Amino acid sequence: MCVFEGFYVPGNMRRPLLLLLGLLLLQQGRCFEFVIDGEWEDEMSDRRDHRERHKRAVLTSEEQEDFEAVRGDDITVKSYKVESRITSRFAHTTVRSSVVNSGSKAQSIGFNVQIPKRAFITNFTMNVNGIIFAGSVKEKTVARNLYAQARARGKAAGIIRANSQDMETFKTEVFVPPGSNIEFELHYQEMMQRKLGSYEHWLHLQPGRLVPQFQVDVYIFEPKGISSVKTVNSLGEQFAHLIKVTTTKDKAHVVFKPNLGQQRKCENCTDSGIDGVLSVIYDVTRDSNAGELQVSEGHFVHFFAPSNLSPLPKNIVFVIDVSGSMWGVKMKQTVEAMHAILEDLTMDDYFSIIDFNHNVRCWSDDLVTGTSLNVKDAKNYIQNIKPNGGTNINEALMKAAQMLVKATSQGLIDPRSVSMVILVSDGDPTVGEIKLSTIQKNVKRVMKEDFSLFSLGIGFDVDYDFLERIATENRGMAQRIYANHDAAEQLRAFYSQVSSPLLRRISILFPEDTVSDVTQNRFDKYFQGSELVVAGKVLPSDSGTLTSFTTAAAVRLDITLETEGDLAALDTELAKQQHSFTGFARQMWAYITVQQLFSERSLAPSAAKKRKITQRIMALAVEHQFVTPLTALLVESDDGTERMLADSPRDPKRGCCAVTFGAGPPPTLPDPVALVYDVPEWVQMTTPSTPHEAGKGPEDWTLPEKINLVDNDPHFIIHLLRGNMDVCFNIDSTPGHILNLVSDSGTGLVVNGLLVGSKQPHKSKLSTYFGAISVYYQPDRVAVTVATDRVDFTDGRSNHSFTWGATADITQDGVRISIVKNSHVSVVVNDNIRVMVLLHRAWKKNPVAVDFLGVYIPNDNQYSPLVHGLIGQFSREPEVSVYGVHEGDDPLKKEATMEVKGNKLQVTRGWQKDYRRDKKRGSSVFCWFVHNSGKGFIDGHYTDYIVPNLSGFLQTL
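Position 374 of the sequence shown, counted from 1, bears residue number 374 in the numbering used here, the numbering being contiguous throughout.
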């Protein structure tokens, strides 16, 4: 929280909650009184007395009820306007108010704004009777010295600190003569955090009086598109219909503009009824699991929020504080939340419960599966807990870690599962080891690199700074739970954020010499509904794009995803937007870097290391104008004779940083250097020799020139190696039929295709195409289903889905899938069987054509002797002879007789298309065409190859 400062108030004059303000009547209109919140953070702050660290820092309920945005006894608030511009999840909010001292006496007028705790104030200006005070962020010591040099006469100072669940308060007061006009303007910035599948932007609205010009505008611009947007408010039902939302594909505008009559509490009331929070909730369109790479003004931001992946199994030890301070409502709500949390466990999850006071007890000494019977027993155990005694956090956490280590060493848990400890506590250690630094070292020593610790601090009697340190250092995160009527819901909501881990060991990498100053790019876990964000600077390059590679481990899968971002397109688009925040990428990079540096600073092993990090934080904060616990906002008049100061004090109960960017420890950020990373080995980084070849993926080079394929509606081309000829045939079937292409019961492989029809008949004929291709490998129960809109992967236990929107490489056991963005998918089984599926896109407004797939299968696939299918049968090449070539009805197409499999067939010389090199025009393949759906060339009739499902094997012909 920030307010303005005058004189420093000695400690013996302070009160924990509220310090009285000394208001002096000043005789000159240019002398003002200013108030600042604030303890100055320095190296000595970590040596504070233990009791001093635990002073409460909250407003009483009565003081919160008295909160007003503009405060004064006899004033006229002409306008109060709030504008937020959110561009690519980064918000710049401006709050403006114009006030007149309408009274007959000089008085103090206050301007108060509640802002999110994770936001940084970037500027504050005032215009008082034509005197403009402009703000600039400086290091605290520099700002304080400048302020002292010009401190106006007759000022008094006070401290007011407000902590609420998600907000903190900026306060300023100015003492002015009657008739004075004052204009206030505050700016702050924050990055939107994605939780449970959406972003939420909070605006606290409490003008305290009727305002002739009251307006709130929220402008959202998301380059990839907005998938949903809604508003939620605690203002009251009478205001709901006044909040208007308009949206387009990539923009949204929320406006709230009640007139004087609509602002009233009741029809004849003179008080304002606007008192609450307006929340804008939205999410963005994602066309792939590879993420979104945005480049603007020499900076990049990579957003990674995959979905449609099966959750990883969990191993959880719940560690619950049952000391005497938990008695009553706290315990009741913890029990209520734990009942709901336990219900969420699945058969694939392992869990146990530890409760502790001065002793440590285990519901089960070993991890057990999440069966309904175990869950019921655990609920009964928690229900019967009676809080009492002291708090032995150290021993409880040691026991939890040992339980996970034991389960791991015994091979009880899946090596790809996620192991975590969830600590719920409302106080500091009072029994056993009570020294916080020793507990921190002990926890770090026993927590393996695969384990994470999540800390939930209930109320304000707990040292949240400590909980945050031990969580961050052990690949987790912390959250304060506010001990009020909805504490159980807060506990459940937190658990929902970590209950579905989708990926582990995530790395977002960049080719060498393309980026520098990259923020944390390696994360221990990714949870469903959240988002990982990496930012950095783009190095000068001749290329027009920036490429990133994301590697991760899913359930039995190893994944590599490729993403590209255009270096100029976004800046061009931003220039067209009237309400976008054009500097978002630069500020977001600085925002993330500063937050991560603060986390690293809290874990610094030495004073020298801490000082070095401190210098980096201050340099970045000053450059990007962030008010942090290490910087201050100096507000001064044009001539520099009048100065005010605002700072952001360190809240010892919440730590310096409210934002956790990933379930993992903060990176060690060295002095600015070019951080470069190698791309995965499978990526071919060679420059194509011609523009035509630029679209080819790495798999194109591995398939032979001559190949068996089926493409278009559907045309088969069978290449006969010994005869050095190509034979073609069509299959005229019905939409919905599934045709078997390869069926090999010996290796356990099957390739099937689902037929779809054109939108309508053309020349009285309804064409059919392959709309889905399935490659099923029975030994691993792995099925890859390629459709025109996505690629699905399942192994019988877990399901994963990828779009065509990004290049990806996925590996599980002996099966590898390579997706080349909007081009093709290659499936390789045991390195000796390959299938490529080619995507064809039709113009959406075409009245007939539909999207469809082509299948390309090389002759050298190593099947068993049992292989069959429309294509598979030709791995045993039949004897084929063609003779009697003569002119046909069409002079361009000769005719002949073909002898094959004891049949004499009349065939026609023609050509079909291979679309691997050119998906629009294709390359002509000359072949002998067999009529009547390949009758006589294929075994049996084509209807013999219709199977009941995409994983079905062909019955013996």
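We treat Cβ as the ideally placed atom computed from N, Cα and C, and that holds for glycine.
Bear in mind that the values here come from a model prediction, so they are computed numbers and not experimental data.
Which of helix, strand or coil DSSP assigns to residue i
i: R611; result: helix
i: E489; result: helix
i: A896; result: strand
i: P313; result: coil
i: R650; result: Since pLDDT at R650 reaches only 48, below the 50 mark, its modelled position is unreliable, and the value read off the structure follows with that caveat. Note: R650 maps to coil in three-state DSSP.
i: W589; result: helix
i: Q577; result: coil
i: P670; result: Note that P670 has pLDDT 36, beneath the 50 cutoff, so the model's placement of it is unreliable and the number below is only indicative. Note: P670 maps to coil in three-state DSSP.
i: G934; result: helix
i: S875; result: helix
i: V659; result: Low confidence applies to V659: its pLDDT is 28, below 50, so where it sits in the model is not reliable, and the reading given next is rough at best. Here V659 sits in coil by DSSP.
i: A57; result: With a pLDDT of 35 at A57, under the threshold of 50, the modelled position of this residue cannot be trusted, and the question is left open.
i: Y915; result: coil
i: S88; result: coil
i: I159; result: Below a pLDDT of 50, predicted positions are generally treated as unreliable, and I159, at 25, falls in that range; the measurement from the model is reported next regardless. If DSSP states are grouped into helix, strand and coil, I159 belongs with coil.
i: Q595; result: helix
i: R790; result: coil
Beta-carbon gap between residue i and residue j smaller than 9 Å
i: G370; j: F351; result: yes
i: I226; j: T285; result: yes
i: Q189; j: T93; result: yes
i: A337; j: A488; result: yes
i: D355; j: V322; result: yes
i: R209; j: V77; result: yes
i: S425; j: T391; result: yes
i: G328; j: M420; result: no
i: L721; j: E562; result: no
i: T560; j: T550; result: yes
i: K399; j: D349; result: no
i: S88; j: Q213; result: no
i: D366; j: K406; result: yes
i: M192; j: I86; result: yes
i: D990; j: Q107; result: Because the chain is modelled from 1 through 957, residue 990 falls outside the range shown and cannot be assessed.
i: L557; j: H800; result: yes
Terminal residues of the beta strand (DSSP E) in which residue i lies
i: K525; result: 522-527
i: I819; result: 815-820
i: E564; result: 557-566
i: T231; result: 226-233
i: I506; result: 501-509
i: F852; result: 852-857
i: S323; result: Element bounds for S323: n/a, residue is neither H nor E.
i: F451; result: 451-458
i: D355; result: 350-356
i: E190; result: 181-191
i: I738; result: 738-744
i: F304; result: 299-304
Candidates the options, of which the one nearest residue i by Cα
i: L631; options: I86, G135, N359, T125; result: Note that residue 631 is Thr in the sequence shown here, rather than Leu. Cα-wise, what sits closest to T631 is G135.
i: K525; options: R505, V534, L539, V533; result: R505
i: N289; options: S79, V538, T807, Q912; result: T807
i: I281; options: K920, V254, K224; result: V254
i: M725; options: E879, I131, L954; result: E879
i: N752; options: D217, D463, V710, N374; result: V710
i: N949; options: P207, G236, N127, L741; result: L741
i: L755; options: P779, T794, H715; result: H715
i: P223; options: S881, C927, K706, A585; result: A585
Element boundaries [alpha helix (DSSP H), containing residue i]
i: Q262; result: 260-263
i: A471; result: 464-473
i: S409; result: 393-409
i: I341; result: 329-343
i: Y381; result: 372-383
Original post:
Counting Cβ pairs closer than 8 Å, one from the segment 592-603 and one from the segment 458-476, do we hit at least three?
Top reply: yes
Original post:
Are the segment 758-778 and the segment 842-862 touching by the rule of at least three beta carbon pairs closer than 8 Å?
Top reply: yes
Subject >> At least three beta-carbon pairs within less than 8 Å, the segment 829-846 to the segment 302-321 >> reply: no
Original post:
Counting pairs of beta carbons, one from the segment 888-905 and one from the segment 864-877, are three or more of them closer than 8 Å?
Top reply: no
Original post:
Would you call the segment 425-440 and the segment 452-466 in contact, with 3 or more CB pairs under 8 Å?
Top reply: yes
**OP:** Decide if the segment 530-545 is in contact with the segment 578-596; the criterion is three or more beta carbon pairs, one per stretch, under 8 Å apart.
**Re:** yes
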